[in-house]
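One structure is given here, and the rest of the page talks about it.
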Amino acid sequence: RSLKPQADTQYAEVATACATGSAQAQTDIETYSQNVDSLQAYVQQLEADINQQEVDVAQYQLDIERFGQELELAKTQHAEFDRDFARDLAAYDQAIADAQRAPLI
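Numbering (the numbering used here), first residue to last: 720 to 824.
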């Protein structure tokens, strides 16, 4: 009979330790859950950022292609202008030469 109070005390200590451990484990689980939720939100934001960057890159590629086409058009127009200017200048020079050879009235 003398062991019963000691056993009751030890049981109470073990029960208290288990309850404390269980409460700490529950707190740890909740903290872990919150951390997982935060990490998932972070990963989702990163994925959204990556998707936006992919959209931006695609737009940049389209812009580069368009600028390239505009540059080629400008080169073509410049070459046409040079050709037309050379033709007009030659005609002007010819008109001056013809005028210089014409008899004065």
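Don't be surprised by glycine CBs; every beta carbon is placed ideally from N, CA and C.
Cα-Cα separation between residue i and residue j, rounded to whole angstroms
i	j	result
GLU766	GLN759	10 Å
ALA818	ARG806	18 Å
GLN813	GLY787	39 Å
GLN772	ARG785	20 Å
SER757	GLN725	47 Å
VAL762	ILE783	31 Å
SER741	TYR779	56 Å
ARG802	ARG820	27 Å
ASN770	LEU781	17 Å
VAL733	GLN743	15 Å
LYS723	THR739	24 Å
Beta-carbon proximity list for residue i, same chain, < 7 Å, skipping 5 on both sides
i	result
VAL776	none
PRO822	none
Close beta carbons around residue i, own chain, < 6 Å, minus the five adjacent residues each side
i	result
THR750	none
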